[in-house]
Every structure is written in C-alpha cells, then in structure tokens.
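Step one of this worksheet: look at the structure below.
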Amino acid sequence: MNPAKPLLFILALFSLSQLQACCFIEGSGEIVTEDRCVQSFHRVEVDGDVVVIIDAGLEPGTVLVTADDNLLEYVEVDVDDGLLTVSADGFIFPSEPILVEVGVAEVDRVQVSGSGKVIGRTVATNRQTLKLEVTGSGQIDFAVDLARLETRITGSGAILLEGRVDLHEIEVTGSGDVGASCLKARDTEVHISGSGDVRVTALETVFGQISGSGDLEIAGDPHLIDVGVTGSGDVTRR
Numbered sequence: 582m583n584p585a586k587p588l589l590f591i592l593a594l595f596s597l598s599q600l601q602a603c604c605f606i607e608g609s610g611e612i613v614t615e616d617r618c619v620q621s622f623h624r625v626e627v628d629g630d631v632v633v634i635i636d637a638g639l640e641p642g643t644v645l646v647t648a649d650d651n652l653l654e655y656v657e658v659d660v661d662d663g664l665l666t667v668s669a670d671g672f673i674f675p676s677e678p679i680l681v682e683v684g685v686a687e688v689d690r691v692q693v694s695g696s697g698k699v700i701g702r703t704v705a706t707n708r709q710t711l712k713l714e715v716t717g718s719g720q721i722d723f724a725v726d727l728a729r730l731e732t733r734i735t736g737s738g739a740i741l742l743e744g745r746v747d748l749h750e751i752e753v754t755g756s757g758d759v760g761a762s763c764l765k766a767r768d769t770e771v772h773i774s775g776s777g778d779v780r781v782t783a784l785e786t787v788f789g790q791i792s793g794s795g796d797l798e799i800a801g802d803p804h805l806i807d808v809g810v811t812g813s814g815d816v817t818r819r
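Numbering of the sequence shown is given in my numbering, commencing with residue 582 and proceeding in unit increments.
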C-alpha cells in the first residue's frame, strides 16, 4: 500500500470537517421577533424546518418571524402572485424552533415541503375549496369551517384536522397519515396508495379506494360506505 494514501485520507476528512464547521451556523440563543413587510396573499408554502402559524386573529398581511438574532437573515419570506413562501436555509441550527406567525383573511392553499410544520388556528374561508398538501415528512394541523377540503400527502408526513366541512377529499401516497376524526365531514372521498392510515368522521357518505396496506377508520355513522380494497388494507368503523 502506498504510505501516502492513509495520510491523504486523513487530510481529506479534516478538510471536510473544517468545511462543514465553516458552513453551519448555530443560533446565538438571543431570541428576537422581526416584523416582515409583505404584499397581500391567499396561499402559503413552507420549505424547510420552520413552524408557521396561520392565525385569523392577526391583522391580514402580518408576518412575524421569531428566531435567533443571528439567523433571521437566513429565514426568507416572499410573496409572488398571491403566494407567500417561507423558507429557511438548511445549514443553520437554531437554539429554538423558528416560528413564523402569519395573519391572513382567507386562504385557499397551504403546502409544506420537507420537515416544516403549519398550524392553522380557526381559519375559515369564503373560497369554495381549501387545499392542504404535505410533501416529505412535514405536518399540517388545521381547524377549518368551509364547503370543500382537499388534503394530500406524498411521503411520510401527517395532516391533523378539526372543524366542519361539506366535502372532504383525501389522497395519501406512501406512509403518511391523515387524522380527521375531529373534522365532521358530510361526505368523504378517500384514496390511499401504500401504507398510510386515514381516520375520518363522516356524517352521510364515504367513497374511495385503498391500494396496499393502508387502513381507513370511519366514525360518524354514515349511511353509505363504498370503499374498494386491493391488498392488505382494512376499513373499520368506530
């Protein structure tokens, strides 16, 4: 063996560790809140390890970012064509979770990519449809009161719901879960592909299809349940 190879390997590891130390930034521990000025919006998209609270009690258009003072510049908030995008660089290590509080009069779409989390506090909307989507391991917790709700999970994320809706359409691809036992839906439509589990409360009808090992738990005593199952998935009533 060439005696220089082990030395080169050690030098390469040392250089990599030094590069990582230079690239990653730890939070200072000094938590501050910054008010961001943005245009009006009705859609929200979160990318990165950020907790976003959509609060109908805040003034519409309000965006408050709470984080370590030396990390605020790495939390980006932008509005384009009615879409509010909140993102955080992946090389920062906050001492506490980064929190973004958002005030909006009504919202029609919320999307989470990665490991972010969105909490919706008593969000009602005059729009016909609200779409909630998680891609990856993120999570959405939402309270709603509206006509139609579409929830979609791709990956291992989760969507937790409460409130009331006329029609709830659910699509789960992968191992993600939808917890909607506290959401009273008149009618529910469910499509599960993979191992994801769904819990719903339906008052009148449930339609859908399960492909794979995903389970569907139904509460609410609907008078019509028509769910096809392909694979080892189960449909149970509670």
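Glycine is no exception: its CB is placed at the ideal position from the N, C-alpha and C atoms.
Just to confirm the assignment, what range does the beta strand (DSSP E) spanning Arg819 have? Per DSSP, Arg819 belongs to no beta strand (DSSP E) and is neither H nor E.
Under 8 Å Cβ to Cβ from Glu785, same chain only, skipping five residues before and after it: list those, please. Result list for Glu785: Arg767, Asp768, Pro803, His804 and Leu805, in chain order.
So what does Arg767 bridge to, in DSSP terms? In the DSSP assignment, Arg767 forms no beta bridge with any residue.
Same chain, Cβ closer than 7 Å to Glu611, five either side skipped, listed in chain order: The residues are Asp649 and Asp650.
Taking C-beta to C-beta, are Pro678 and Val627 nearer than 8 Å? At a Cβ-Cβ threshold of 8 Å, Pro678 and Val627 do not count as neighbours.
If you count every other CB in all the chains shown that lies within 10 Å of the CB of Thr811, and 16 or more means buried, which is it? Thr811 should be labelled exposed.
Rounded to a whole number of angstroms, what is the C-alpha to C-alpha distance between Ala724 and Arg780? A direct Cα-to-Cα measurement between Ala724 and Arg780 gives close to 16 Å.
Do Asp778 and Gly795 have their beta-carbon atoms positioned less than 8 Å apart in this structure? Against a cut-off of 8 Å, the Cβ pair of Asp778 and Gly795 comes out as a contact.
Curious, which full-length beta strand (DSSP E) runs of at least 3 residues does the region 699 to 739 contain? As summarised for the region 699 to 739, the continuous beta strand (DSSP E) elements at least 3 residues long and confined to that stretch are 710 to 717 and 720 to 736, given in chain order.
Segment limits, beta strand (DSSP E) that includes Gln692: Per DSSP, the unbroken beta strand (DSSP E) holding Gln692 starts and ends at Arg690 to Ser694.
Would you call the region 739 to 755 in contact with the region 713 to 722, where contact means no fewer than 3 C-beta pairs closer than 8 Å? Verdict: yes, contact present.
DSSP beta-bridge partners of Ser792: For Ser792, the pairing in a beta bridge is given by DSSP as Ser774 and Thr811.
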